[in-house]
Amino acid sequence: MIPFNKPYLTGKETHYIYDAVQLTHISGNGKYTKLCHQFFEKKLNVEKCLLATSCTDALEMAAILLKIKSGDEVIMPSYTFVSTANAFILRGATIRFVDSRADHPGMDESLVESLININTKAIVVVHYAGVACDMDVIMNVAKRHNLFVVEDAAQAIDAYYKNKPLGSFGDLATFSFHETKNISCGEGGLLVINNPEFIERAEIIWEKGTNRSAFFRGEVDKYGWVDIGSSFLPSELNAAFLFAQLENLDDIQQKRKAIWNYYHDNIKDLVDNQVIFMPRIPSYASNNAHMFYLVTKSVEERDSLLAYLKLSEIYGVFHYQSLHASSYFSNKHDGRLLVNCDRYSDCLIRLPFYYEISESNQAKVVAAVKSFFE
Ligand SMILES: *Cc1c(COP(=O)(O)O)cnc(C)c1O
4 MIPFNKPYLT
14 GKETHYIYDA
24 VQLTHISGNG
34 KYTKLCHQFF
44 EKKLNVEKCL
54 LATSCTDALE
64 MAAILLKIKS
74 GDEVIMPSYT
84 FVSTANAFIL
94 RGATIRFVDS
104 RADHPGMDES
114 LVESLININT
124 KAIVVVHYAG
134 VACDMDVIMN
144 VAKRHNLFVV
154 EDAAQAIDAY
164 YKNKPLGSFG
174 DLATFSFHET
184 KNISCGEGGL
194 LVINNPEFIE
204 RAEIIWEKGT
214 NRSAFFRGEV
224 DKYGWVDIGS
234 SFLPSELNAA
244 FLFAQLENLD
254 DIQQKRKAIW
264 NYYHDNIKDL
274 VDNQVIFMPR
284 IPSYASNNAH
294 MFYLVTKSVE
304 ERDSLLAYLK
314 LSEIYGVFHY
324 QSLHASSYFS
334 NKHDGRLLVN
344 CDRYSDCLIR
354 LPFYYEISES
364 NQAKVVAAVK
374 SFFE
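Going by the working numbering, the letters in the sequence shown line up with residues 4 to 377, in that order.
Structure representation (structure tokens):
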């Protein structure tokens with residue numbers, strides 16, 4: 004059986020967890036949380052990062068920080084995970100969903116400006132499969148209309164736009180360390196604060212609405228309830244696990260890129276013969292090998308391919324179902340047709356992708372895909 008995903012352990016995870024326990028500080032914001040913060044602040048070249056319990060929670064922090072309230076509009080792609088939207092729905096926002104690009108599941112940047120009105124507060128971009136949105140276009144529109152930009156960079160660790168790391172463009176950005184992402188601690192996330200205006204309040208929201216962080220730095224002589232907030236900071240056990248993974252980021256990324264290239268090079272002839280479509284990486288974007296997907300010509304073909312792979316004990320999976328057409332949202336959608344997004348919902352299939360997949364198993368996957376089309 005070839006699973007879709009399998010978590011990878013570098014070997015140091017339990018060692019660091021043991022160390023955290025020995026240090027008798029296993030709640031949040033201890034040694035390993037600080038090491039993780041430093042790692043990302045250096046890697047992204049940003050001033051402030053805060054570990055979160057998930058990317059979902061980091062997105063909720065972002066919505067609170069932007070003071071999103073009922074009546075505010077937020078623009079985001081429909082082809083994304085529910086958390087991108089839920090975070091803003093929870094604050095009462097109206098969501099305006101954007102279609103995907105014809106050549107990529109990421110959002111069509113050229114459609115964003117037409118959705119802006121007096122109530123628009125923010126644009127949330129999602130770097131699907133770790134492939135950058137065209138950030139020059141997005142940042143330019145946001146600047147002209149005075150809007151905040153949030154990057155949902157859940158899939159975008161070690162990914163770049165014109166050689167600048169994703170997560171360093173928006174006022175705020177979020178990453179995920181869920182088991183299915185390149186770097187994981189089971190469940191975990193990160194909020195990146197690029198706009199210095201938000202740093203102080205981000206720490207307060209992170210510490211359940213208290214100024215506890217400032218108190219521990221000796222900046223105030225007692226701490227108390229100063230704003231809204233929640234339990235967004237993860238325990239040291241998660242941070243210790245995560246730090247072991249971060250130390251091995253380069254190795255993990257090298258391996259994942261080799262896996263991605265193997266699929267790409269060996270399935271390329273099907274693409275050349277226009278049997279199936281493969282990801283296109285725009286020249287301004289890097290490839291962080293988060294996933295490898297194919298796009299079939301119809302939903303029937305996609306479903307038969309998935310079933311065919313399963314008979315060969317290979318677990319491919321489809322991905323997002325358009326949020327604008329979901330049972331929760333469809334009666335709130337403004338009726339625009341989002342055809343590219345629907346096409347990716349119907350036709351996209353992700354192939355097994357994990358650090359330890361062997362070349363012989365990859366060869367089996369490729370052979371099964373090819374034999375399906377013969
Ligand atoms: C994985 C993912 C999330 C959610 O991340 P969690 O850490 O599981 O909360 C949000 N947005 C996108 C685009 C994702 O891929």
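In this text, a Cβ means the ideal position worked out from N, Cα and C, and glycines have one as well.
Short Cβ contact (9 Å threshold) for residue i with residue j
| i | j | result |
| --- | --- | --- |
| residue 57 | residue 30 | no |
| residue 141 | residue 182 | no |
| residue 49 | residue 124 | no |
| residue 191 | residue 157 | no |
| residue 367 | residue 5 | yes |
| residue 149 | residue 176 | no |
| residue 186 | residue 245 | yes |
| residue 101 | residue 266 | no |
| residue 242 | residue 26 | no |
| residue 168 | residue 341 | no |
| residue 229 | residue 51 | no |
When the options are compared against residue i, the one with the closest alpha-carbon
| i | options | result |
| --- | --- | --- |
| residue 147 | 284, 316, 120 | 120 |
| residue 248 | 317, 10, 366 | 10 |
| residue 286 | 239, 18, 345, 107 | 107 |
| residue 152 | 137, 161, 325 | 137 |
| residue 354 | 366, 377, 296, 323 | 296 |
| residue 118 | 365, 338, 252 | 338 |
| residue 172 | 327, 102, 143 | 143 |
| residue 262 | 174, 358, 332 | 358 |
| residue 417 | 323, 364, 333, 356 | Shown here, the chain extends from 4 to 377; a query on residue 417 therefore has no answer. |
| residue 22 | 14, 35, 159 | 35 |
| residue 129 | 240, 79, 114 | 79 |
| residue 270 | 375, 84, 346, 219 | 375 |
| residue 292 | 307, 211, 132 | 132 |
| residue 227 | 377, 216, 241 | 216 |
| residue 255 | 174, 356, 178, 222 | 356 |
| residue 281 | 204, 289, 294 | 294 |
Start and end residues, alpha helix (DSSP H) containing residue i
| i | result |
| --- | --- |
| residue 362 | 362-376 |
| residue 254 | 252-275 |
| residue 38 | 34-46 |
| residue 146 | 138-148 |
| residue 62 | 58-68 |
| residue 323 | Premise fails: residue 323 is in no alpha helix (DSSP H) and is neither H nor E. |
| residue 21 | 16-25 |
| residue 217 | 215-219 |
| residue 87 | 85-92 |
Start-to-end residues for the beta strand (DSSP E) that takes in residue i
| i | result |
| --- | --- |
| residue 353 | 351-353 |
| residue 98 | 97-101 |
| residue 128 | 123-129 |
| residue 178 | 175-179 |
| residue 298 | 296-298 |
Environment of residue i [buried if 16+ CB atoms lie within 10 Å]
| i | result |
| --- | --- |
| residue 372 | buried |
| residue 275 | exposed |
| residue 104 | buried |
| residue 65 | buried |
| residue 127 | buried |
| residue 310 | exposed |
| residue 283 | exposed |
| residue 257 | exposed |
| residue 17 | exposed |
| residue 231 | exposed |
| residue 330 | exposed |
| residue 32 | buried |
| residue 24 | exposed |
| residue 210 | buried |
| residue 139 | exposed |
| residue 220 | exposed |
| residue 334 | exposed |
Residue i - partner residues in DSSP beta bridges
| i | result |
| --- | --- |
| residue 317 | 5 |
| residue 80 | 101 |
| residue 151 | 125 |
| residue 52 | 195 |
| residue 168 | 163 |
| residue 280 | 298 |
| residue 210 | 234 |
| residue 288 | 164 |
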